[in-house]
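Heads up: the sequence shown begins at 1 in full-length UniProt numbering, then just goes up one per residue. A short write-up of the structure that comes next.
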Amino acid sequence: MKVEVYKSTDQNPNLTNYEETRDNFDWQEVEKHFSWHETGKFNMAYECIDKHVDDGYGDKTALHYKNGDSRSSYTFKDLKTASNKAANVLKDAGVEKGDRVFIFMARSPELYTSLLGALKIGAIVGPLFEAFMEKAVKDRLQNSEAKVIITSPELVGRIPVDDLPDLEKVILVGENVSADYVDFKTEYEKASDEFDIEWLDKEDGLILHYTSGSTGQPKGVLHVQYAMVQHYISGKYVLDLKEDDVYWCTADPGWVTGTSYGIFAPWLNRATNVVVGGRFSPEAWYGAIEDLNVTVWYSAPTAFRMLMGAGDEIVKKYDLSSLRHVLSVGEPLNPEVVKWGMDVYHLRIHDTWWMTETGAHMIVNFPSMDIKGGSMGKPIPGVEAAIIDDSGNELPVNRMGNLALKANWPSMMREIWKNKPKFDSYFIGEWYVSGDSAYQDEDGYFWFQGRVDDVIMTAGERVGPFEIESKLVEHEAVQEAGVIGKPDPVRGEIVKAFISLREGYSPSDELKEDIRVYVKEGLAAHAAPREIEFKDKLPKTRSGKIMRRVLKAWELNIDAGDLSSMDDD
Ligand code: 6R9
């Protein structure tokens, strides 16, 4: 397939040089940015907020919150005070260092200030998606032996307190709170705005993100304070955050992207952070960029595909000229989407690859790098990546295999909560094995192929679903596509595609045939889907990933495993 290359010099010639940075990189140099370097102690909440007040930036805007027509802004000084007060509320509720404190509410300023407050005590924070139902909440609170949960009146009914013996307090952010709960707002009003921060060691706990395995229970991925070293430097280099940036990461804190890059990286870099509440719509999103003059925007392929599906006319109704840097994470970024981004935003969309387990960026399109459409880019400085076989041997260029990283880097997970065997299963020798299949080209760029489990074996050929899906979304009728291997007695597997259509197209046999021929001629005969099924929408996680295992389970009529992360509204 022809690869489009987008030169970095077309945009900004003054960016940090990738090779030079990589060749001279030393994590210990980055550590010097933090108080820990002198004192041996630090605290994420201090480094994100209070430090900037101490350094004279108290009046700088730290947060713009927007939800529909309502808007509010907070300086670093405001957030210092608010998180101190929240910390006092939590402390009064019995929270101590190391306790697990869950946050279960819609994106609101209180979500962010109570998260920072919990961190000031040295608690380990567990953020949950507001859409979680009772079973998902129970699994996570039980597994982590959570002591306190902060929630809202709409969601409190989904917390099965009787099944949670370790849960001591439920803190409710709402009006007229009954005596069964701690009334956050009333306690907050009474609380002192001074708080003595708990100074922590580098290996003290920070955050616990549950990520769903394809089978069985979700696993709790634990990150520690030291991760901030990587959050900070990747925010500086990859997000390219500068003093005057207004930065918007569209992810919810229930997903690791919404904490590492929705909270920590921007504030460690003293940027103005944007949080938009409410549901996705092209109007709301473009409106937010225009109203708040967003300069750096971090989102996901599913959102870009939906914006692309909404058509190019709508883009023209908004002034998006403040934007200077756009990034994507969560799924492979189709070359067609990068091309479209060039057409409508006149900016390159920078793909970034990493995982809940890695805690921060691993393989990225560094701002100064030429982008090859469809490639995830290269390892960030300080990280070594390779393609290995199942025995841990490195494979030559252009060979598909396991995408692996040399452990250790600062934001690497430290444990899977109470599940040592699971943690150990990630490693082959000195390599952390991602579970993703990829290859590296002769220029050192990495190309994602699929989850290892999703790779299709058809008539003796190994095909990654991503390549086919990317070809499919190039077709004018296709909005999104999920491709699986369907068992076949003759070919081993055949390629089956589930497709949702763009506005203005309706399913027909002619359209199926047209799409099939399009892939056959544009990619390869063996890659053309033998079966196509149209769907109104594809099953996705709350972070926007197409769930191929669900497509496969539907197809084979088997159990789809844990579905707590599925977006079902
Ligand atoms: C941050 C995050 C991790 C999995 C990962 C891979 C997929 C993420 C990607 C990507 C292709 C990218 N993934 N970014 N695939 N290109 N740029 O997404 O964490 O939710 O744990 O998912 O997501 O399969 O292994 P998480």
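Quick reminder that beta carbons are idealized off the backbone N, C-alpha and C, glycines included.
Straight-line gap, residue i to residue j (C-alpha atoms, nearest Å)
i, j, result
"PHE76", "TRP267", "9 Å"
"GLY482", "TRP554", "13 Å"
"SER35", "GLU194", "20 Å"
"TRP431", "GLY392", "7 Å"
"LYS537", "GLU503", "12 Å"
"ARG516", "ILE150", "50 Å"
"PRO160", "GLU145", "13 Å"
"LYS135", "SER565", "11 Å"
"HIS526", "GLY277", "44 Å"
"MET457", "GLY492", "7 Å"
"ASP204", "LYS41", "10 Å"
"LYS418", "SER508", "51 Å"
"ARG143", "PRO335", "The amino acid at residue 143 is misidentified as Arg; the sequence shows Asn. Distance between the alpha carbons of ASN143 and PRO335: 40 Å."
"PRO410", "VAL256", "15 Å"
"ASP441", "ASN557", "38 Å"
"residue 571", "PRO421", "Look at the range of the chain in this structure, 1 to 569, and you will see that residue 571 is not part of it."
"LEU395", "ALA386", "8 Å"
"GLU154", "VAL182", "15 Å"
"VAL170", "ASP252", "22 Å"
"PRO127", "MET547", "22 Å"
"VAL326", "TRP248", "10 Å"
Cross-strand partners of residue i (DSSP beta bridge)
i, result
"ALA251", "Paired residue(s): none; ALA251 is not in a bridge."
"ALA404", "ALA386, VAL433"
"LYS2", "According to DSSP, which records beta bridges pairwise, LYS2 is partnered with nothing at all."
"MET44", "According to DSSP, which records beta bridges pairwise, MET44 is partnered with nothing at all."
"MET566", "THR541"
"GLN440", "PHE446"
"ILE456", "VAL463"
"TRP353", "ILE363"
"ILE149", "PHE102, VAL170"
"residue 635", "Because the chain spans 1 through 569 in this model, residue 635 falls outside it and cannot be assessed."
Residue i CB to nearest heavy atom of the ligand 6R9 below 6 Å
i, result
"SER564", "no"
"ASP193", "no"
"residue 571", "Here the chain has residues from 1 to 569 only, and residue 571 is not among them."
"SER543", "yes"
"MET355", "yes"
"MET376", "yes"
"PRO332", "yes"
"PHE448", "yes"
"VAL383", "no"
"VAL329", "yes"
"THR458", "no"
"THR295", "no"
"THR61", "no"
"THR39", "no"
"THR211", "yes"
"THR257", "yes"
"ASP351", "yes"
Cβ-Cβ distance between residue i and residue j below 7 Å
i, j, result
"ALA86", "VAL101", "no"
"residue 570", "VAL137", "Any property of residue 570 remains undetermined from this structure, which presents the chain solely from 1 to 569."
"ASN293", "SER321", "no"
"ASP319", "GLU290", "yes"
"GLY330", "GLY68", "no"
"LEU206", "HIS223", "yes"
"GLU130", "LYS147", "no"
"GLY359", "PHE25", "no"
"ARG270", "THR295", "no"
"LYS80", "ASP50", "yes"
"VAL473", "ARG462", "no"
message = If we require 4 or more residues per run, which alpha helix (DSSP H) segments fall completely within the UniProt domain "AMP-binding enzyme C-terminal" (467 to 545)?
response = Listed in chain order, the complete alpha helix (DSSP H) runs (minimum 4 residues) inside the UniProt domain "AMP-binding enzyme C-terminal" (467 to 545) are 509 to 522.
key: Any beta strand (DSSP E) of 3 or more consecutive residues that is wholly inside the segment 242 to 317   = 246 to 249, 272 to 276, 296 to 299
query = Going along the chain, which unbroken runs of the beta strand (DSSP E) with 3 or more residues stay wholly within the segment 33 to 93?
reply = 61 to 67, 70 to 75
key: Whole runs of the alpha helix (DSSP H) within the segment 317 to 341, excluding any shorter than 4 residues   = none
task = Quick one: which unbroken alpha helix (DSSP H) runs of 4-plus residues sit fully inside the segment 171 to 239? Chain order, please.
result = 184 to 190, 228 to 237
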